[in-house]
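Residues are numbered in my numbering as their position in the sequence shown, beginning at 1, plus a constant of 18.
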Amino acid sequence: MKFEKLVRNLREKLPSLGLAFDEPMSRHTSFRIGGPVAVMALPSSAEELRLICREARNAGVRPFVFGNGTNLLVQDAPLNVFAVKTSPGLSEVRLAPDGNIFAMSGVLLSALAVFAQKNSLSGLEFAHGIPGTLGGAVSMNAGAYGGEMCQVVERTEYLDEDLEIRAVTGDEHGFSYRRSVFSDSGKIVLSSLIRLQPGDAGAIKGRMEELSARRRSSQPLNMPSAGSVFKRPVGGYAAALIDSSGLKGLRVGAAEVSEKHAGFIVNLGGATCDDVLRLIDQIRERVLKEHGVNLQTEIKHITG
Ligand SMILES: Cc1cc2nc3c(=O)[nH]c(=O)nc-3n(C[C@H](O)[C@H](O)[C@H](O)COP(=O)(O)OP(=O)(O)OC[C@H]3O[C@@H](n4cnc5c(N)ncnc54)[C@H](O)[C@@H]3O)c2cc1C
């Protein structure tokens, strides 16, 4: 096995590290799609994550670090990949001395938003219904209902390509629409400081409930998906273009353009990565023909 030496070294140096072999990614993605990765490591601290990455580098292996798998479309065939999952291991969240919130990369945004609400801190209400981790959300500059991570993330500590611990503040995050300096870069988010405003706990809870209700009424939350498949094109919405191209309900295999939200592809049960990719191709072709817009995918296609 390609990772034999790496696994031996990890077992020797980190005997309590969680390791899984031939682990189906379908268990770790919100799409419920994805073949088995050769090895998956589940670190429980930033130090452990760093040691894992160091051992991987010494073995000539580039790890695939992910969070809650809610923005991933993973190939069906086995992946010769060493995956590292930050959630639920890197889950510390606390108030920092300056009143900001410190959160590690594996913290779920829903938990982070509730923590902020309980501490009467406002600004993260938008993130309550986004099912990813802090690390994934910072990396993607996740956003909803007018809020974006770039509005609240003050400072981020990360591992650079040489596995040194570094930090960026403010503009150095390079945030833009669904991107940051961490996107597709090899840099690994360890933790962030979140800057919020004092608010009324009841009002914050009310706003979170209001946004949850909006989500429930407009998104197919009862079916496996990876959220919006496409990025917002300049001057419009992907869902509106797909809907007006008459594509709601279009199916390939068990993958379907959601009847409830045309920007979502849902897994009706047993959909494959190939089903989704073929459906994406058909959507892009039709929208280009009908509207002259070349849709770009937001979800990450993982192969290996
Ligand atoms: C029902 C549903 C609704 C959604 N609604 C929204 C929404 O309103 N707004 C929105 O923006 N998104 C939405 N999403 C998409 C998704 O939840 C977000 O993009 C989220 O930020 C992904 O986080 P994750 O932890 O699941 O990342 P993953 O899917 O695990 O990974 C996504 C990418 O981030 C990288 N990554 C993850 N962790 C780290 C890390 N620690 N360091 C460096 N890179 C990392 C991965 O390598 C990968 O490239 C939705 C998804 C679903 C299923």
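Backbone N, C-alpha and C define an ideal beta-carbon position, used for all residues, glycine too.
Fair warning: this is a prediction, and the values are worked out from it, not measured in the lab.
If I follow the unbroken beta strand (DSSP E) through L91, where does it start and stop?
Unbroken beta strand (DSSP E) run through L91: 90 to 92.
For a minimum of 4 consecutive residues, which ranges assigned as the alpha helix (DSSP H) are wholly contained in the region 231 to 267?
Those alpha helix (DSSP H) runs which fall completely within the region 231 to 267 and span 4+ residues are 256 to 262.
Could you give the first and the last residue of the continuous alpha helix (DSSP H) run that contains L295?
Segment 291 to 309, the alpha helix (DSSP H) holding L295.
When DSSP labels each residue in this structure, what does Q169 get in the three-state scheme?
DSSP places Q169 within a helical segment (H, G or I) once states are collapsed to three.
Check this for me: beta carbons of I399 and L127, under 8 Å apart or not?
Past the edges of the chain, shown from 19 to 322, lies residue 399, and the structure says nothing about it.
State the CB to CB distance for the pair L208 and M122, rounded to an integer number of angstroms; the pair is presumed to be in contact (CB under 8 Å).
Cβ atoms of L208 and M122 come within 8 Å of each other, at about 7 Å.
Quick one: give me the first and last residue of the alpha helix (DSSP H) that S198 is part of.
Where S198 is concerned, there is no enclosing alpha helix (DSSP H), because DSSP gives it neither an H nor an E.
Is the closest heavy atom of ligand 1 to the C-beta of K318 under 7 Å?
Within the cutoff, so yes.
Restricting to Cα atoms, I'd like to know which of Q237, G141, V55 is closest to D218.
Selected option, being the one with the closest Cα: G141.
Under DSSP, the alpha helix (DSSP H) around E190 begins and ends at which residues?
Membership of E190 in any alpha helix (DSSP H) is not indicated, and neither H nor E is assigned to it by DSSP.
Taking 7 Å as the line, does the beta carbon of S48 fall inside it for any heavy atom of ligand 1?
For S48, the Cβ falls inside the 7 Å cut-off from some heavy atom of ligand 1.
Expressed to the nearest angstrom, what Euclidean distance is found between the alpha-carbon atoms of H279 and R72?
For H279 and R72, the distance between alpha carbons rounds to 43 Å.
Quick one: is the Cβ of L42 within less than 7 Å of any heavy atom of ligand 1?
Checking the sequence, you will find Pro at residue 42 rather than Leu. Between ligand 1 and P42, a heavy atom-to-CB distance of less than 7 Å is absent.
Selection from D202, V156, V79, E143 that minimises the alpha carbon distance to A131
Minimum Cα distance to A131 is reached at E143.
Under the three-state DSSP convention, the category L32 falls into:
If DSSP states are grouped into helix, strand and coil, L32 belongs with coil.
DSSP state of G154 mapped onto helix, strand, coil
Helix.
Cα separation between S198 and I301?
Roughly 27 Å separates the two Cα atoms.
Status (buried if at least 16 other CB within 10 Å, exposed otherwise) for H46:
Classification for H46: buried.
Put K223 into one of helix, strand or coil per three-state DSSP.
Helix.
Is the number of C-beta pairs between the region 310 to 319 and the region 250 to 261 that are closer than 8 Å three or more?
Verdict: yes, contact present.
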